[in-house]
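Trainee: Questions regarding the structure given below will be posed in turn.
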Amino acid sequence: MATRAFVSGCSGAELTADERAFFRDAEPWGLILFGRNVVSAEQIRALCADFRDAVGRDDAAVLIDQEGGRVQRIRPPLALGHPPAARYGLLYDRDRSAGVEAARLGAELMAAELASLGITVDCLPVLDLPADGMTQAIGDRAYAGDAEGVAALGLAVVEGMLAGGVLPVIKHMPGHGRATVDSHYHLPRVAADRATLEATDFRPFEALKSAPVGMTGHIVFEAIDPDRPATLSPIVISEIIRGLIGFDGLLLTDDLSMKALSGGVGASAASALAAGCDIALHCNGAMGEMLEVAAAAPRLEGRSAERAERAAKMLSPVGEVDVAGLRDARDRLLESA
Numbered sequence: 001m002a003t004r005a006f007v008s009g010c011s012g013a014e015l016t017a018d019e020r021a022f023f024r025d026a027e028p029w030g031l032i033l034f035g036r037n038v039v040s041a042e043q044i045r046a047l048c049a050d051f052r053d054a055v056g057r058d059d060a061a062v063l064i065d066q067e068g069g070r071v072q073r074i075r076p077p078l079a080l081g082h083p084p085a086a087r088y089g090l091l092y093d094r095d096r097s098a099g100v101e102a103a104r105l106g107a108e109l110m111a112a113e114l115a116s117l118g119i120t121v122d123c124l125p126v127l128d129l130p131a132d133g134m135t136q137a138i139g140d141r142a143y144a145g146d147a148e149g150v151a152a153l154g155l156a157v158v159e160g161m162l163a164g165g166v167l168p169v170i171k172h173m174p175g176h177g178r179a180t181v182d183s184h185y186h187l188p189r190v191a192a193d194r195a196t197l198e199a200t201d202f203r204p205f206e207a208l209k210s211a212p213v214g215m216t217g218h219i220v221f222e223a224i225d226p227d228r229p230a231t232l233s234p235i236v237i238s239e240i241i242r243g244l245i246g247f248d249g250l251l252l253t254d255d256l257s258m259k260a261l262s263g264g265v266g267a268s269a270a271s272a273l274a275a276g277c278d279i280a281l282h283c284n285g286a287m288g289e290m291l292e293v294a295a296a297a298p299r300l301e302g303r304s305a306e307r308a309e310r311a312a313k314m315l316s317p318v319g320e321v322d323v324a325g326l327r328d329a330r331d332r333l334l335e336s337a
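For the sequence shown, the positions run 1 to 337 when full-length UniProt numbering is used.
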């Protein structure tokens, strides 16, 4: 696999000449899309194809954050509207089997939409367990208020995503639900003791440890590593994510351009990869920063390459999808809540 250990964004609806040359030379593992990159279905397909042509890999990953609710990079009328995760949790509280089935159907529906556009990876499900009084950065993006519910609904989403032809990404490892500030702007610190974290926040991730891809959170766990956020912490990654949780899938960082991290994106990328992350994720499409991240990212090889290949093998061709049927079945269940 001739690729480097990072994912990059781009600035607009089509690649500039500079971006095309950058992707050709830097060979990132993937491209991540945001609202600024979305105009029409045809345009999204063309952008994905242009990126893959630039890197010379027909199977190069294209990622997106398409969760439902307030986190939807592709919105109606370009895509169906999708409810926030908490909506499935409300149904689950009333009828567990109905909640799980609705979440699975919703994920398969979303994946089918994304796959039809050339997108192969969705940064979903959110497995964070929300704590009372914490920041609303997670809020209704969480599936439930208890670890069992989050795990059950998260597993349904993983299964639905794979059935629809898209790789799911469990996030934000090993748990972001206790954050008191939004990591897009500040670095959260969690004071809970390790025993409490193991009994609560870490459990959904342990239940879904066989997922193909995971994403770290920019959050400090003072009882484990008081000096570094999880993304940059070899202690959190080796002892908790790889060890206690048992996750051996492909591990992405959260966006390195978020303000929770300091010291520059190149240094953050180098630190995250040295700490045990497999892929450095940089999203804002700023060319100067993209160059810094690329310079810090080595070739994807060894265990990281094996994890990437194993994840790719979990994607199987999907035939024609009955989108209307999936939507109607999901909506009937949700309306019963």
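Note that the Cβ used here is the ideal one computed from N, Cα and C, for glycine as well.
Which of the three DSSP states, helix, strand or coil, is assigned to GLU67?
Mentor: Your numbering for residue 67 matches position 67 in the sequence shown. Look at GLU67 here: in three-state DSSP terms it is strand.
Trainee: How is the alpha helix (DSSP H) around ALA46 delimited, first residue to last?
Mentor: As a position in the sequence shown, residue 46 is number 46, starting the count at 1. Looking at the DSSP string, the run of the alpha helix (DSSP H) that includes ALA46 is 41-55.
Trainee: Does LYS259 pass the burial test, meaning 16 or more other C-beta atoms within 10 Å, or should it be called exposed?
Mentor: Position 259 of the sequence shown, counted from the start, is the residue given in the question as residue 259. So LYS259 ends up on the exposed side.
Trainee: GLY217: which of ALA223, ILE224 and PRO229 sits nearest, CA to CA?
Mentor: Stepping through the sequence shown from its first residue, residue 217 is reached at position 217. When only C-alpha atoms are compared, the closest one is PRO229.
Trainee: Within its chain, find whatever has a CB closer than 7 Å to the CB of ARG45; leave out the 5 residues flanking it on each side and keep chain order.
Mentor: Position 45 of the sequence shown, counting from 1, holds the residue named residue 45. Result list for ARG45: LEU117 and GLY118, in chain order.
Trainee: Given 8 Å as the limit, is there contact between the segment 160-179 and the segment 251-258, that is, 3 or more CB pairs closer than that?
Mentor: yes
Trainee: What number of angstroms, rounded off, separates the C-alpha of THR135 from the C-alpha of ILE74?
Mentor: The residue you call residue 135 lines up with position 135 of the sequence shown. The residue you call residue 74 lines up with position 74 of the sequence shown. One Cα belongs to THR135, the other to ILE74, and the distance between them is close to 25 Å.
Trainee: DSSP beta-bridge partners for LYS171?
Mentor: As a working note, residue 171 is residue 171 in the sequence shown. LYS171 pairs with VAL126 and MET215.
Trainee: I need the boundaries of the beta strand (DSSP E) containing VAL7, first residue and last residue.
Mentor: Locating residue 7 in the sequence shown gives position 7, counting from the first residue. First-last of the beta strand (DSSP E) with VAL7: 4-8.
Trainee: Runs of 4 residues minimum, wholly inside the segment 178-257: which ones carry the alpha helix (DSSP H) assignment?
Mentor: 194-199 and 203-207
Trainee: Should GLU113 go down as buried or exposed, given a rule of 16 or more other Cβ atoms within 10 Å for buried?
Mentor: The residue labelled residue 113 in the question sits at position 113 within the sequence shown. Buried, because 16 or more other Cβ atoms sit within 10 Å of the Cβ of GLU113.
Trainee: Counting pairs of beta carbons, one from the segment 94-103 and one from the segment 26-46, are three or more of them closer than 8 Å?
Mentor: no
Trainee: Give the secondary structure of GLY266 by DSSP, where H, G and I count as helix, E and B as strand, and everything else as coil.
Mentor: By 1-based counting over the sequence shown, the position of residue 266 is 266. The DSSP-derived three-state label of GLY266 is helix.
Trainee: Considering only DSSP beta bridges, list what LEU281 is partnered with.
Mentor: For this step, residue 281 is matched to residue 281 along the sequence shown. The partner list for LEU281 (beta bridge, DSSP) reads VAL7.
Trainee: Can you tell me whether HIS282 is buried or exposed, with buried defined as 16 or more other CB within 10 angstroms of its CB?
Mentor: Taking the sequence shown and counting its residues from 1, one reaches residue 282 at position 282. Buried, by the Cβ-count rule.
Trainee: Roughly how many angstroms lie between the CA atoms of VAL126 and GLY69, to the nearest whole one?
Mentor: In the sequence shown, residue 126 corresponds to position 126, counting from 1. In the sequence shown, residue 69 corresponds to position 69, counting from 1. Taking the straight line from one Cα to the other gives about 12 Å.
Trainee: Can you give the beta carbon distance from GLY30 to VAL62, rounded, assuming they're within the 8 Å contact cut?
Mentor: Mapped onto the sequence shown, residue 30 falls at position 30. Mapped onto the sequence shown, residue 62 falls at position 62. Indeed, because the Cβ distance is near 6 Å, the residues count as touching under 8 Å.
Trainee: Alpha carbon to alpha carbon, what distance is there between ALA115 and VAL318?
Mentor: For this step, residue 318 is matched to residue 318 along the sequence shown. For this step, residue 115 is matched to residue 115 along the sequence shown. Spanning the two alpha carbons is a distance of roughly 9 Å.
Trainee: On the DSSP letters alone, give me the boundaries of the beta strand (DSSP E) that residue 344 sits inside.
Mentor: Given a span of 1 to 337 for the chain in the structure shown, any question on residue 344 remains unanswerable.
Trainee: Of the residues SER11, PRO130 and TYR143, which one's Cα is nearest the Cα of VAL181?
Mentor: As a working note, residue 181 is residue 181 in the sequence shown. If we check each option's Cα against that of VAL181, PRO130 comes out closest.
Trainee: Buried or exposed for TYR143, please, with buried defined as at least 16 other CB atoms from any protein chain shown within 10 angstroms of its CB.
Mentor: Start at 1 with the first residue of the sequence shown, and residue 143 comes out as number 143. Looking at its Cβ environment, which holds 16 or more other Cβ atoms inside 10 Å, TYR143 is buried.
Trainee: What does DSSP give as the partner residues of PRO28 in its beta bridges?
Mentor: Walking along the sequence shown from the start, residue 28 turns up at place 28. In the DSSP output, where bridge partners are listed per residue, PRO28 has ARG4.
Trainee: Just how far apart, CA to CA, sit ALA57 and THR196?
Mentor: Position 57 of the sequence shown holds residue 57. Position 196 of the sequence shown holds residue 196. A quick correction: the sequence has Arg, not Ala, at residue 57. C-alpha separation (whole angstroms): 44 Å.
Trainee: Of the choices VAL213, VAL150, ALA272 and PHE202, whose alpha-carbon is the least far from that of PRO234?
Mentor: Numbered from 1 along the sequence shown, position 234 holds the residue referred to as residue 234. Checking every option, the nearest Cα to that of PRO234 belongs to ALA272.
Trainee: State the DSSP-derived secondary structure class of ALA142, mapped to helix, strand or coil.
Mentor: Here residue 142 corresponds to residue number 142 of the sequence shown, with the count starting at 1. Here ALA142 sits in coil by DSSP.
Trainee: Of the choices ALA207, GLY165 and VAL190, whose alpha-carbon is the least far from that of VAL150?
Mentor: Stepping through the sequence shown from its first residue, residue 150 is reached at position 150. Residue ALA207 is the option with its Cα nearest to VAL150.
Trainee: Exposed or buried, what is THR16 when buried is set at 16 or more other beta-carbons lying within 10 Å of its beta-carbon?
Mentor: Here residue 16 refers to the residue found at position 16 when the sequence shown is read from its first residue. Under this definition THR16 is an exposed residue.
Trainee: Can you give the Cα-Cα distance for ALA199 and ASP146, rounded to whole angstroms?
Mentor: Working through the sequence shown from its first residue, we reach residue 199 at position 199. Working through the sequence shown from its first residue, we reach residue 146 at position 146. Straight-line Cα distance between these residues: approximately 11 Å.
Trainee: In this structure, does DSSP put VAL321 in helix, strand or coil?
Mentor: As a working note, residue 321 is residue 321 in the sequence shown. If DSSP states are grouped into helix, strand and coil, VAL321 belongs with coil.
Trainee: Span of the alpha helix (DSSP H) holding VAL104?
Mentor: Numbered from 1 along the sequence shown, position 104 holds the residue referred to as residue 104. A small correction: the amino acid at residue 104 is Arg; Val does not occupy that position in the sequence shown. It spans 96-116 - the alpha helix (DSSP H) in which ARG104 sits, taken as one unbroken run.
Trainee: Are ARG141 and PRO84 close, meaning C-beta to C-beta below 8 Å?
Mentor: By 1-based counting over the sequence shown, the position of residue 141 is 141. By 1-based counting over the sequence shown, the position of residue 84 is 84. Going by C-beta atoms, ARG141 is nearer than 8 Å to PRO84.
Trainee: Rounded to whole angstroms, what's the CA-CA distance from GLY276 to GLU239? Just pull it up for me.
Mentor: For the purposes of this step, residue 276 is taken as residue 276 along the sequence shown, with counting starting at 1. For the purposes of this step, residue 239 is taken as residue 239 along the sequence shown, with counting starting at 1. Straight-line Cα distance between these residues: approximately 11 Å.
Trainee: Can you round the beta-carbon distance between ARG299 and ARG4 to whole angstroms, since I take them to be within the 8 Å contact cut?
Mentor: If you number the sequence shown from 1, residue 299 lands on position 299. If you number the sequence shown from 1, residue 4 lands on position 4. Yes, ARG299 and ARG4 are in contact; Cβ-Cβ is about 6 Å, under 8 Å.
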